[in-house]
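Chains as they are written, first to last, in this note's numbering: chain H, 1 to 348; chain R, 1001 to 1348; chain P, 2001 to 2348; chain S, 3001 to 3348.
Some notes on the structure that comes next.
Protein chains: 4
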Amino acid sequence: MPQTIQPAVVGATGYAGFELARLLTRHPYAKKPVLFTRKGEAGTTAKLDELYPHVSGNGGYPLEPFCWETLKAKGVKVLFLATPHEVSREWVPEAVKQGVHVIDLSGAWRLETPEYRAIYDFKDENPEAAAKLMAQAVYGIPELHRSELKEASLVANAGCYATSIILALAPLVRAGLVDLNHGVVCDSKSGVSGAGKQPTQKTHFVEVAENLSAYSVFNHRHTGEILEQLGILPEQLIFTPHLLPIPRGILSTIYVRLNSVMSGDAIESCMRKFYADSTFVRIFPAGKLPQIQYSLHTNYCDVGFTLAPDGKRLVVVSCLDNLVKGAAGQAVQNMNVMFGWNEEEGLR
Amino acid sequence: MPQTIQPAVVGATGYAGFELARLLTRHPYAKKPVLFTRKGEAGTTAKLDELYPHVSGNGGYPLEPFCWETLKAKGVKVLFLATPHEVSREWVPEAVKQGVHVIDLSGAWRLETPEYRAIYDFKDENPEAAAKLMAQAVYGIPELHRSELKEASLVANAGCYATSIILALAPLVRAGLVDLNHGVVCDSKSGVSGAGKQPTQKTHFVEVAENLSAYSVFNHRHTGEILEQLGILPEQLIFTPHLLPIPRGILSTIYVRLNSVMSGDAIESCMRKFYADSTFVRIFPAGKLPQIQYSLHTNYCDVGFTLAPDGKRLVVVSCLDNLVKGAAGQAVQNMNVMFGWNEEEGLR
Amino acid sequence: MPQTIQPAVVGATGYAGFELARLLTRHPYAKKPVLFTRKGEAGTTAKLDELYPHVSGNGGYPLEPFCWETLKAKGVKVLFLATPHEVSREWVPEAVKQGVHVIDLSGAWRLETPEYRAIYDFKDENPEAAAKLMAQAVYGIPELHRSELKEASLVANAGCYATSIILALAPLVRAGLVDLNHGVVCDSKSGVSGAGKQPTQKTHFVEVAENLSAYSVFNHRHTGEILEQLGILPEQLIFTPHLLPIPRGILSTIYVRLNSVMSGDAIESCMRKFYADSTFVRIFPAGKLPQIQYSLHTNYCDVGFTLAPDGKRLVVVSCLDNLVKGAAGQAVQNMNVMFGWNEEEGLR
Amino acid sequence: MPQTIQPAVVGATGYAGFELARLLTRHPYAKKPVLFTRKGEAGTTAKLDELYPHVSGNGGYPLEPFCWETLKAKGVKVLFLATPHEVSREWVPEAVKQGVHVIDLSGAWRLETPEYRAIYDFKDENPEAAAKLMAQAVYGIPELHRSELKEASLVANAGCYATSIILALAPLVRAGLVDLNHGVVCDSKSGVSGAGKQPTQKTHFVEVAENLSAYSVFNHRHTGEILEQLGILPEQLIFTPHLLPIPRGILSTIYVRLNSVMSGDAIESCMRKFYADSTFVRIFPAGKLPQIQYSLHTNYCDVGFTLAPDGKRLVVVSCLDNLVKGAAGQAVQNMNVMFGWNEEEGLR
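Laid out in structure tokens, this is it:
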């Protein structure tokens, strides 16, 4: 049995951070996580189980204000940041300098292309250092970056929408089967926890229930991740997110045209081969489509498809839990790969 | 056909205020309502249909900042206040002085008993004048106060929970059938719009969906209304509100012991007699219970019951739409009575 | 004021039929509707208000078994069929022969193209007569077929999904602005009432809540309607319906490529011009998108769009209430046009 | 480490049975469960993961038709019945005769009092044998019957509503603190999975969503369990179940009068003492109430309360997940006690 290591989480009072705290608590090779709060964080309290009585009775989850000295004193080996983009952008350089492995759940370190990153409008104090760090950061989808993750000191955990789309398309795009010039349409629908814990008009129960709405058409922040990871151009992608009246879960319906006529079997086989060593992507048999329910509270990304009778027009459907495979679960999976453990530890 | 009058609404951007604006727009004897905003009101905009595109296409709902001169200039005859308690408490004296009829949807003028009113902690500038006004205010449930409403210049529109409980119990309590010393238990469940439009942790979709919670046990503000209107004592009532994962609707399950053994027919007949002239209370046949769905988007309060085989223990269930019979619809009904119109005008 | 006529509804116990019965009851030129039940209809009872206590207190809605003699005896002038496809297919010829105007809410008479109609697998007793009748049937979207409706004796009320897609695309497609060869993608999401009142595994609360699923990809019955009405070819359309965890409402997200670079203003103006005389289609300003909530319980179809910065890729979003503009409301609107009344009668 | 044993489940395609199959699969001392189907069971298929793709990817869950020979051949040591009442009533005698331990999730063996059992209307082939077996059956709430469970061969797993009410009241009632003559009111609200997987009008999404309804007032089947386990009389209890628009979870709001004036501390202390050795009951601090969300997907029953200022009127609120602590989780907990394992095995 491997040695246990000390993890820490900043932002455990948010939805993804809380999910992460829970997962780490049950992880066989992780010591009980140190839970840090940030100044100004909403709903700060002395104990996580006061905010989330869900976990009371398990021995308590004390929270403490973040400070670099505590980090060092506690021997933290891996730091998870469930913090706003700008906070992650500011803190990561110091953490990496201190030799701590970082898994950042924000969008701060995901995008190499300056044009795509512009949407975040980061003000780096030391642009040169930031650029260098950016070059070292590994995009955190283990199914695509397993070997780089093993050497990584900074992981940019992938976005929830982006994960659902990238995992669905990577096998076909990388095999050159998709007519990219025709364009790819990604119609995604997400539960409300994706919008975070801060109460806003947009997340008010009465505004969401009995409703469905599209938003950020042509300008959602996850667009750049999808483009970079799939190696496609902005004009080749339309990505439309929608807000679903459910707490969690994402379903992406993806429309592509194939370069040549194919059979359902060939497509299924292409996908299965690509994910042969990846237990957390479940490929559905041709014509059978995943539903959001199937992957809730798991680290699975489910992928299915229906092929038109013409053998060229393809509808791919992928589902995942935005707080697990779309955030906290994937973060743990990334940690597992980083530290050379079985990818499923703490996620079964 | 009666002459039309000019109504005005303050607070039309909130859930109850918006419902009221819509109802008034369709009312045959009301001119198009003047819609006032208050300083500091959330989501203020130039037109109501920008905030609520639901009503766009109907000719526009301009909003304007409240001011007494405009009120006078527009010839406003009846002023609806969908404002916070303390605002209503402050504004009503001036409005009444100006000779405008006021229908206040807040809790500011509902409670005569100082002990019950203490929960609001009002700071009246002129306590004597407030006391005098309080004595003139009519509690706004037309089924119980029809004749006083005809003479009223200030109506304190009843609370949503209170309406559902008072209408269910009034016939039995007034007929002396209920063993009050045994105590009355009111277990009420409400949709989220009852908590208002301001986004809070409590109204965040993720906190409400897939959930149910009790709150304000033994100290909800509507308790005093129930006590006063039914003429019972604090120690005779337990009222427990719950927050339901639905946008609107209230169901109250009410438990009483009868003073003597009765039949279901006798109870039904007592209720039907009491509401013989009240089309907005629907009495269900013995053993058939109302559900929230039945009264949504209507001004009905539905009342049904089940009697134990012993003929003494009685469960009464009442349902209404908290934004209609529990707020805006009842306000229009009160206006109808005030101005001598058919009680159903604008509410069919 | 026009003379009143006698309507009848078969299938008023279903969701669309009930909505229709309610609308007709409030229609100024329609007598109280005769409500017929069919043999084998689910939940048959003597009175509609026993099944739907929502409408109790309004004087009762007696139901009676359908029979041609009663139809004649009651002087029914317009017959609404909210019946299964095969029942409508069988009954309409006799009704038309009897000189009754028919508005059929099923898919029985919507499709002229035999290939598209094949999906229903109708067995016509008299194929020739059916073909003749088919040629007379008018597709029931008043915004597109107003003048034919005025002469029609048989209206094939449009499908709910089809209405949301056709109304969104008709202005652009008819103006020749859409690159049809590139293909049109329609990603639609519907509330559960669209699946009918019959309880099935698919409509079980536990299977729908907290979930989203795509179904009938490449083979949904409404596909033919969209193709015929827009005049496009099967290979030019992908239509993917999804089942939303809400009771009612449809949102369609539609992806097209324009033939040439356009401005948002030009698109908005094209749409506004097309619907200049159609109060029930609300065009949203460029960049502002409709949400399901806005049109619930109304006869509106809301249409908005976002144009990519390249001015060629367009996302159109349309919303409607599947039981109103997608079924019962549109049926009443069709009746209004048929009888020369104001299109908004009974629908305001 | 203890020896592993072979469990079997009949009825794994239902909601509680499926939850049970999942829990057993992860149990450290249970072999992979044999999953039996019954003739006539809904949705029968060759593999459970076809019906519930949730669990696909875990190696498959083959289903086979139930037969006594297979039971013996597979060396089944403990048989879980997630079957209808009458099936359990019929099968248990044979299973016990064969020396298999039985944990029955139905109501078949829960009630000793013939008057309470009458509601099920069982037709026992051998009434004498049934009576003898009934006397041996242990009511399956480990917190109350731990020592008897250790010797049991037949466990009647408790009802979901009953568990939520009994666990909330047992400490107070057994300590003689409750004025039983005054009567106990239990107002319970449950998610829809409690109604089973069979689609009915009652479980149709459109009938449940946006709704709340009370049902089975004064005649719900769980009443007898509550009476027997708490040792109270029928006239001392009112139990009103309600159907909540959520998939799972129960909240019971319970109203009692205390025999004498007490402090919140004394009540909390009474409860904590009673459950000192029971990790699956979480007592909340006085005035803090549990919500359904806190215990979802766990085996916890959460209990909190608010005491009136008079120190005599008490509102107790308890929450649990009806499929876990209210069914499958409690069944596993019962198995753990039966076989002398740590009560938390497989349930952490």
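Even glycine gets a Cβ: it sits at the ideal position worked out from N, Cα and C.
Alpha-carbon to alpha-carbon, residue j and residue i
i, j, result
"Ala-3162(S)", "Leu-1172(R)", "31 Å"
"Ile-2254(P)", "Glu-2112(P)", "25 Å"
"Ala-8(H)", "Val-92(H)", "14 Å"
"Cys-1319(R)", "Gln-1291(R)", "6 Å"
"Glu-3344(S)", "Ile-3166(S)", "20 Å"
"Tyr-275(H)", "His-3027(S)", "28 Å"
"Leu-258(H)", "Asn-219(H)", "26 Å"
"Gly-10(H)", "Ala-21(H)", "Correcting the residue type first, residue 10(H) is Val in the shown sequence and not Gly. Computed Cα separation, rounded: 10 Å."
"Asp-1277(R)", "Glu-1228(R)", "23 Å"
"Lys-3325(S)", "Lys-1077(R)", "59 Å"
"Asp-2104(P)", "Gln-1201(R)", "48 Å"
"Ile-267(H)", "Gly-3060(S)", "23 Å"
"Phe-122(H)", "Ala-16(H)", "22 Å"
Contact with chain S by residue i, beta-carbon distance below 8 Å
i, result
"His-2381(P)", "Because chain P is modelled from 2001 through 2348, residue 2381(P) falls outside the range shown and cannot be assessed."
"Ser-2193(P)", "yes"
"His-297(H)", "yes"
"Ile-2246(P)", "yes"
"Thr-1306(R)", "yes"
"Val-1256(R)", "no"
Below-8 Å beta-carbon distance, residue i vs any chain P residue
i, result
"Phe-284(H)", "no"
"Asn-211(H)", "yes"
"Gln-291(H)", "yes"
"Cys-3015(S)", "Here the sequence assigns Tyr to residue 3015(S), which means Cys is not the residue at that position. Output row for Tyr-3015(S): interface = yes."
"Pro-1053(R)", "yes"
"Pro-117(H)", "The amino acid occupying residue 117(H) in the given sequence is Arg; Pro does not appear at that position. Output row for Arg-117(H): interface = no."
Residue i in three-state terms, based on DSSP
i, result
"Lys-3077(S)", "coil"
"Cys-955(R)", "In this structure chain R extends from 1001 to 1348, so residue 955(R) is not present and cannot be described."
"Ser-1944(P)", "For residue 1944(P) there is no data in the structure shown, the boundaries of chain P being 2001 and 2348."
"Leu-258(H)", "strand"
"Glu-1128(R)", "helix"
"Phe-1018(R)", "helix"
"Glu-2064(P)", "strand"
"Ile-5(H)", "strand"
"Thr-253(H)", "strand"
Any chain H beta carbon closer than 8 Å to residue i
i, result
"His-3222(S)", "no"
"Thr-1200(R)", "yes"
"Phe-2018(P)", "no"
CB contact below 8 Å: residue i versus chain R
i, result
"Gln-2330(P)", "no"
"Gly-2057(P)", "yes"
"Tyr-2275(P)", "no"
Any C-beta of chain C under 8 Å from that of residue i
i, result
"Thr-2279(P)", "Reference to chain C is not applicable here, since the protein chains of this structure are H, R, P and S."
Item to check | Interface positions of the region 59-76 of chain H facing chain R (Cβ-Cβ less than 9 Å), listed along the chain | outcome: none
Item to check | Cβ pair count under 8 Å reaching 3, the region 1209-1219 of chain R against the region 3203-3223 of chain S | outcome: no
Next on the checklist: Using 8 Å as the cut-off, can you tell me whether the region 280-296 of chain H makes contact with the region 3046-3058 of chain S, which would need three or more C-beta pairs spanning the two stretches below that distance?
Outcome noted: yes
Checklist entry - Can you list, in chain order, the residues of the region 84-95 of chain H whose Cβ is nearer than 9 Å to any Cβ on chain R? => result none
Checklist entry - Touching or not, the region 2137-2152 of chain P and the region 2232-2243 of chain P, by the rule of three or more beta carbon pairs under 8 Å? => result no
Checklist entry - Do the region 1128-1140 of chain R and the region 1193-1205 of chain R make contact, defined as three or more Cβ pairs closer than 8 Å? => result Touching, no, given that fewer than three Cβ pairs across the two stretches are closer than 8 Å.
Item to check | Validate contact between the region 179-190 of chain H and the region 271-289 of chain H using beta carbons, cut 8 Å, 3 pairs | outcome: no
Checklist entry - Going along the chain, which residues of the region 1123-1140 of chain R sit with their C-beta nearer than 8 Å to a C-beta in chain P? => result none
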